[in-house]
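Under the working numbering, the residues of the first sequence are numbered 34 to 955, in order.
Glycine included, every Cβ here is placed at the ideal spot set by N, Cα and C.
From a predicted model like this one, the values you see are computed outputs, not experimental measurements.
Here's the structure, in structure tokens; my notes come after.
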Amino acid sequence: MSSNHLYLVDGSGYIFRAYHRLPPLTNRHGMPAGAVYGFTTMLWKLVDDLHKADGPTHLAVILDASSRTFRNDMYGAYKAHRPPPPEDLVPQFPLIRTATRAFSVPCIEEEGLEADDIIACYARAALAEGWQVTIVSSDKDLMQLIEPGLDMLDTMNNRRLGRDHVIEKFGVPPELLGDVLALMGDSVDNVPGVPGVGPKTASQLINEFGSLDAVLQNAETIKKPKLRESLLAHADNARLSRELVRLVCDRPLPEPLDALKLKGLPPEPLREFLAEQGFKSLLLRVGGEGQPGRSVLAEPAVAAAPVEIPEEPAFDHKSYECVTSEATLDLWITEATAEGRVAVDTETTHLDAIRAELVGVSLATASGRACYIPFGHVGDGLLSETPQQLPRELVLAKLKPLLENPSVLKIGQNLKYDLILFRRAGIDIIAYDDTMLLSYDLDAGLGGHGMDDLCKKHFSHDTISFKSVCGTGKSQITFDKVSLAQATEYAGEDADVTLRLWQRLKPRLSREAATRVYELVDRPLLAVVAEMEMAGISVDRAELSRLSADYAVEIARLEGVIHQAAGGPFTIGSPKQLGEVLFERMGLKGGRKGKSGVYSTDVNEMERLAAEGIEVARLVLEWRQLTKLKSTYTDALQQQINPVTGRVHTSFSMAVAQTGRLSSTDPNLQNIPIRTELGRRIRDAFVAAPGHVLLSADYSQIELRLAAHMADVPQLRTAFAEGQDIHNLTAQELFGTVDRDTRGRAKTINFAILYGISAFGLAGRLGVDRGEAQAIIDRYFDRFPGVRNYIALTVGQVREQGFVTTLFGRKTHLPGIKGKTVSERQAAERQAINAPIQGTSADIIKRAMVRMGPALAAEGLTSVKMLLQVHDELVFEVPEADAAAASTVIRRVMESAAEPYVRLSVPLGVEIGTGPSWGAAH
DNA sequence: TGGTTCACG
DNA sequence: GACGTACGTGAACCAG
């Protein structure tokens, strides 16, 4: 006997009832949420009953996918006059899906079928396997399904409904209920039935004659004249009604029964959902905190009125106040507190937040109203003495309560920088917005998001340039040497502009459906990335130095050989000289390229020559690799070690990449070599602190998985679900055979798809002619028609709207789609194909990063530090003893990072390694 | 400053 | 028939 027990929740039915039975609650943001709250508690109780006697082992929520079904084809008026759902219930419908996903419970809906039918199909299939079935609903139509092994549960009053209930209520057993319902009809659903026949008469008739058919056949014998006439006149309607109430139970299951297995409560997605909804009491049950946040669940898709641009004063540098007395400082702080929001900007001695020292802080409380509070100015040591200013400790002590006040919103431009500086001064900024990120999430692809760009774009105003204040080049001074008068104009303007930008950008967020990606991804990520930058990573200087020396010896040797072969010394690193030496002095074959008229000497060209047996070409390639490694990595990294922390602190740019990725600078730690053995050695120089290990966690082939999901390619989805080798599968589909050659070609093609394919490009990479490449592409599209469809839809979308979006709603604008030249437009098309995939991958890992800290903390793993992100990889520093426990949490958070807002039809795979160095952790 | 090359995903 | 030709980054170097 099977101990499986499947619970099928009639989601749509539930919320209609919950809506009418529960008080009209709203969530923290004034959005109606009563039905969702009821649904959430109900689902919670069910999931919690896992393994209890008679509790579920398998669970699914079933929803109506569409209003049109086969019943409309049978009878046009079916459900035609159903009143529209109440206005404050409508926005709750999509939340039902989100709530369900937050519990990691499957949410099933199918075009053309009503929820009742899907429930019937699952019930039938589960009973056939010998399972117990419980339908969570009190819908009368579903009661037709009751039989031994299947009951219903009314969660509103916690009643089990069985055969007895049906007999009591309708006077007939479940197997005859359909006949009764057909006679009764249903005015809400517009099932016609027979006029004048209600529940009492219907059950009486069925009991008397035994079935609907018998009733209709014997209608003439009925005594009551009115009833007899009505039955005779509406016999056809009764037969039609019988079909309308009959549940379909023979359709294929959208998800197999096993997929409905209940897994228990998943902490992160659930916590996020509850926090966003503001369901505080429920949140306490999962051990989350009631963090202030904004609801981002309902993105209003409504076309918005244009943003009103308030009257604003012109920019006036002279109006900004320089704060040098305690009393004035207090006034500004009081004003900012009363206002509830304040723009903040820091002035420092350095661009690098880890090394910079604070010099002053500027605040703005309204357009045109800003001040500068200097405390670290020293004068230039010649003409001006150290100016009169408030002491640093006093200013910071006064600012601390303001900056840490959760009910005053701090607004910054590139706030990550200021966050780090304040953190280093013992101040934790909470409750913040960042205008750079606002602009990034609204206008990615439409230009830069730096203050200067934004000010010009939104206010047609040129900010005071840093150059004009601090000079440039050799005579450049640090900000602490700038006069207070100049500093006040410059710093005051920065805060003023930031506040004005916020007023301009913030209201657009919800109008343009960017709230979700801002609130759920980029804004919370800012503090996480700041933390990572401060943590830094340890590198072994001696090891780098050894590598540099090794490389130097080899480079010198190669230079000698190359010069000798070339018949004289020249600058190998100069593409111009190298081209001339190879193609003129040595007379090799090759062509000019590009407008600059320089011979191409890139890898492809040199490899071509090397393959032809030209030894110099091979040596040049080797020389290039070594000089690259030495100058970019082994030499440069040693310079980048921070003398105070002894570690390397990169800076992650959060608003540069068009697709939503991070980028890394000073130094770039996202392009440390790994592909060649020689370069890989550099990774061994990235080491863990004593007593720790480095842990590297990689999403495996995340972009191909996302492509399989987004383009809906069943073969690829199945392959990922079953852990097959994806390139082998493609090789099999395209070439009918799998060997090293076809697998390699398939891999190239899979990547080509992600990047927006062209026959020419593929031909070049595969070394075949264009016709053959085109044939391969055609075959790919035939085998995976979803991909062709995805490309067509995406390109259509970008042409129409000018942007594409990720699964989380992140936009990439592609103005090039309306470009003048064909090549510009085609380039935009390729970007359009790639951006949603690359961008969704970026969204997912960012969400994992946001959740990682709390998830680790919940397991007591507070010493685990996240150090780096490399697009699909996260690198952590972990106390040796915590490695196993940390792996478990990290894997869980990364694999579930899309939930609950996005439910992927492919699993996300994560590979984890640990070791004393980054190299060893792979 | 722009062009070229090459390191990464 | 021409247009060009795989997506996203950052750093170092040369040459003007």
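Taking the C-alpha atoms as reference points, what is the distance between E576 and A718?
-> 6 Å
Could you give the distance in angstroms between the alpha-carbon of D699 and the alpha-carbon of T665?
-> 11 Å
Take R134 and list the residues in its own chain whose beta-carbon comes closer than 6 Å to its own, dropping the five residues that flank it on each side.
-> E932, P933 and R936
Let me know if H760 comes out buried or exposed under the rule of 16 or more other beta-carbons within 10 Å of its beta-carbon.
-> buried
Would you mind sorting D731 into buried or exposed? The rule is 16 or more other CB atoms within 10 Å of its CB.
-> buried
Would you report the Cα separation of E736 and I705, rounded to the nearest angstrom?
-> 21 Å
For L264, the first and last residue of its enclosing alpha helix (DSSP H) = P258 to A266
With distances taken between CB atoms, is the gap from V515 to V502 smaller than 7 Å?
-> yes
Starting from the Cα of E359, find the closest Cα among E892, L423 and D121 and give me that residue.
-> L423
Skipping 5 residues on each side, what residues in its chain have a beta carbon closer than 7 Å to that of A334?
-> Confidence at A334 is low in this model, with a pLDDT of 42, below 50, so its placement is unreliable and no value can be given for it.
Roughly how many whole angstroms lie between the Cα atoms of N37 and S45?
-> 25 Å
Could you give the DSSP three-state label for P676: helix, strand or coil?
-> coil
Under a Cβ-count criterion, where at least 16 other Cβ atoms within 10 Å of its own Cβ denotes burial, should E241 be classed as buried or exposed?
-> exposed
When DSSP labels each residue in this structure, what does E968 get in the three-state scheme?
-> Residue numbering for the chain in the displayed model covers 34 to 955; residue 968 lies beyond these limits and cannot be assessed.
Taking Cβ to Cβ, would you say H91 is nearer than 7 Å to L295?
-> yes
Residues that DSSP places opposite K443 in a beta bridge = V375 and Y465
Minimum C-alpha distance to R680 - residue among E566, R750 and S686 = E566
Determine the DSSP secondary structure at I406, reduced to helix, strand or coil.
-> strand
How about A403 and A528: are their beta carbons less than 7 Å apart?
-> yes
Quick one: measure Cβ to Cβ for D451 and V377, integer angstroms, because I've assumed they're closer than 8 Å.
-> 6 Å
Who are the near neighbours of D174 in its chain, counting only those whose CB is closer than 8 Å to its CB and skipping five residues on each side?
-> D149, L214, V278 and L280
Where DSSP assigns a beta bridge to L186, which residues make up the other side?
-> V169 and R193
Helix or strand or just coil, what does DSSP make of F203?
-> helix
So, T947 versus V726, is the Cβ gap smaller than 7 Å?
-> yes
L957 versus L559 - alpha carbon distance | Examination of residue 957 is not possible in this model, given that the chain is present from 34 through 955 alone.
Which of the three DSSP states, helix, strand or coil, is assigned to H682?
-> coil
Secondary structure of F909, DSSP reduced to three states = strand
Just how far apart, CA to CA, sit S274 and P127?
-> 31 Å
How many Å lie between T496 and D349 at the Cα?
-> 11 Å
From V883 to H84, what does the alpha carbon distance come to, in whole angstroms?
-> 32 Å
At what residues does the beta strand (DSSP E) containing A730 begin and finish?
-> H725 to Y732
What is the residue span of the beta strand (DSSP E) that V636 lies within?
-> Looking at the DSSP string, V636 is not in any beta strand (DSSP E); the run it does join, the alpha helix (DSSP H), is V636 to A644.
Since Q902 sits in a beta bridge, which residues does DSSP pair it with?
-> L907
L415 burial status per 10 Å Cβ neighbour count (16 or more: buried) | exposed
Within the stretch 834-888, ranges of the beta strand (DSSP E) (whole runs, at least 3 residues) | 836-838 and 844-846
Excluding sequence positions up to five away, which residues of its chain have a Cβ less than 7 Å from the Cβ of I463?
-> E437 and P439
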